[in-house]
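Here this note's numbering is used: the first residue of the sequence shown is 60, the next is one more, and so on. No residue lacks a Cβ here, since even glycine has one placed at the ideal position from N, Cα and C. Here's the structure, in structure tokens; my notes come after.
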Amino acid sequence: MKAELFKLAQQVVQEIRNSGFQAYIVGGAVRDLLLDRTVDDIDIATSAYPDQIQKIFPKVIPTGIEHGTVLVRYQSTSFEVTTFRTETSYSDFRRPDAVSFVTDLKEDLARRDFTMNAIAMDQSLQLIDPYHGQTDINNKLIRTVGRAQERFLEDPLRMMRAIRFQSQLGFELATEVLQAIDDNRKWLDKIAVERIAVEWEKTLKGTYFHDAKQSLFRTGLVNHIPILSENSDIQESFQTLHGPLPSFASFIAYMNLNVSDIAISDWTNKWKLSNQIKKSSRLLVQLVQDYPKEPFNWVLYRLPEDLIEEFTILCELFHKDAFTQEEIKMLQKNLVIKDRSELAINGQDIISFFPNRAKGSWIQNMLLETEKAVVSELIKNDKNGIREWLQYDKQ
Numbered sequence: 060m061k062a063e064l065f066k067l068a069q070q071v072v073q074e075i076r077n078s079g080f081q082a083y084i085v086g087g088a089v090r091d092l093l094l095d096r097t098v099d100d101i102d103i104a105t106s107a108y109p110d111q112i113q114k115i116f117p118k119v120i121p122t123g124i125e126h127g128t129v130l131v132r133y134q135s136t137s138f139e140v141t142t143f144r145t146e147t148s149y150s151d152f153r154r155p156d157a158v159s160f161v162t163d164l165k166e167d168l169a170r171r172d173f174t175m176n177a178i179a180m181d182q183s184l185q186l187i188d189p190y191h192g193q194t195d196i197n198n199k200l201i202r203t204v205g206r207a208q209e210r211f212l213e214d215p216l217r218m219m220r221a222i223r224f225q226s227q228l229g230f231e232l233a234t235e236v237l238q239a240i241d242d243n244r245k246w247l248d249k250i251a252v253e254r255i256a257v258e259w260e261k262t263l264k265g266t267y268f269h270d271a272k273q274s275l276f277r278t279g280l281v282n283h284i285p286i287l288s289e290n291s292d293i294q295e296s297f298q299t300l301h302g303p304l305p306s307f308a309s310f311i312a313y314m315n316l317n318v319s320d321i322a323i324s325d326w327t328n329k330w331k332l333s334n335q336i337k338k339s340s341r342l343l344v345q346l347v348q349d350y351p352k353e354p355f356n357w358v359l360y361r362l363p364e365d366l367i368e369e370f371t372i373l374c375e376l377f378h379k380d381a382f383t384q385e386e387i388k389m390l391q392k393n394l395v396i397k398d399r400s401e402l403a404i405n406g407q408d409i410i411s412f413f414p415n416r417a418k419g420s421w422i423q424n425m426l427l428e429t430e431k432a433v434v435s436e437l438i439k440n441d442k443n444g445i446r447e448w449l450q451y452d453k454q
């Protein structure tokens, strides 16, 4: 897949060159190719303006045309194509105040954050590396293009990106990068929390998360992370997390299981996260707490497939004797029922079992109790058997 993607990118670059413009593969795709990592998308930088790109390719989507960026659809694959540019100061700490288009690749690469992201490839996949990104990759070093102080003041989110790349790649932060983060960490408070959240989740998932966590504390950047900055107990709990977590929901669940004083809604509100993340976090906490005290079938029954990985990791952290993901999937396959629709009775049946009782919340409570008893194999999923069990037990 990687080879096919680069072959298509080469064709896009060649098409642009055939029209008389410069074009190069740039950014993370080049870095990840050198590191033999998965490449999902490829960016292209060019001397052509967006309107000129629109004349070269039949399908072009103007995704960020004011900044020189369009999306080229080529043989059912998307490539982000951006005009060579330089940028001025970032008054809002997010976007450059002005963008100037240039004709020189080196000028374009100079505006990028880290040397490993400032390597280009031509149509023959030959490397152009004016800022020695290959050397830093070989030395496993995260170093900025130019002065770190300037790069972080332009966009303070780059400090989080440095931490995120350390978590993903296991590279060391250059001494000047560590110092610049220490000096400029307060400016992270100016960054929209939604942007920080994107980098934070990627950091949590990194293989070398523990190293990145140490850098957060070493530079003091941890004191500018939402929630973590507000509570010493939370920071102490965060220090106990040594391995990566697969999602934001699992991180919130882990922190809540350790420090329940900080509600899940506090986390999701402060980070401006979705209701789905809030729901998943709450369910993970409930299931991990239920694991040692409820019938295991009942725990598995309520565990969605997309949370199996999170659940097993959290159980390993809090209970030590957790089942593996494969074991859980097998056990789930063998459950008597997979959801309530397979239950032999419904609410109307319960009403018919107790005709003299006024309708009320007891109906749903009894239905839930029946569901749990069937899943836990205390009774069979049989209408007559359930009726006898309920009438005997609830009279």
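- DSSP places Ala82 in the uninterrupted beta strand (DSSP E) bounded by Ala82 to Val85.
- Tyr313 and Trp246 have their C-alpha atoms roughly 28 Å apart.
- Between Met180 and the set Asn198, Leu93, Ala239 and Arg244, the nearest pair of CA atoms involves Leu93.
- By the neighbour-count criterion, in which a residue is buried when 16 or more other Cβ atoms sit within 10 angstroms of its Cβ, Phe211 is buried.
- The region 284-301 makes no contact with the region 344-352; the number of CB pairs closer than 8 Å stays below 3.
- Under the Cβ criterion (8 Å, minimum of three pairs), the region 321-334 does not count as touching the region 355-362.
- Cβ atoms of Phe160 and Ile103 stay farther apart than 8 Å, at about 15 Å.
- Comparing alpha-carbon positions, the option among Thr97, Thr266, Thr136 and Val98 lying closest to Phe116 turns out to be Thr136.
- Taken through DSSP and simplified to helix, strand or coil, Glu253 comes out as helix.
- Taken through DSSP and simplified to helix, strand or coil, Ala233 comes out as coil.
- Residue pairing by DSSP places Glu260 opposite no residue, since no beta bridge is assigned to it.
- Unbroken alpha helix (DSSP H) stretches of 4 residues or longer found wholly inside the region 357-382: 367-377, given in chain order.
- When rounded, the separation of the alpha-carbon atoms in Val434 and Leu373 is 23 Å.
- Taking each of Met219, Asn415 and His378 in turn and checking the Cα distance to Val257, the smallest one comes out for Met219.
- Between Ile240 and Leu280, the gap from beta carbon to beta carbon is short of 8 Å.
- DSSP, reduced to helix, strand and coil, places Tyr267 outside both helices and strands of the structure shown, so it counts as coil.
- Here Leu94 carries a coil assignment [DSSP, helix/strand/coil].
- Under a 10 Å Cβ-count criterion, Tyr451 is classified as exposed, with fewer than 16 other Cβ atoms of the shown protein chains found around its own Cβ.
- Close CB contacts of Val71 within its chain, under the 7 Å cut and outside five residues either way in sequence, are with Ile103, Val131, Tyr133 and Phe138 (chain order).
- Put simply, of Ser400, Asp110 and Pro121 the residue whose alpha carbon is nearest the alpha carbon of Glu430 is Ser400.
- If you ignore the 5 residues before and after Lys165, its C-beta comes within less than 7 Å of the C-beta of Pro189, all in its own chain and listed in chain order.
- With fewer than 16 other beta carbons inside 10 angstroms of its own, Phe276 counts as exposed.
- Ser183 and Gln69 have their C-alpha atoms some 7 Å from each other.
- Going by C-alpha positions, Ser333 is about 25 Å away from Leu376.
- Within 10 angstroms of the beta-carbon of Pro215 lie 16 or more other beta-carbons, which makes it buried.
- Annotation for Val140: the continuous beta strand (DSSP E) segment containing it runs Thr136 to Thr142.
- The C-beta separation of Ala82 from Thr105 comes to about 4 Å, placing the pair in contact by the 8 Å criterion.
- Rounded to whole angstroms, the gap between the alpha carbons of Gln193 and Asn77 is 29 Å.
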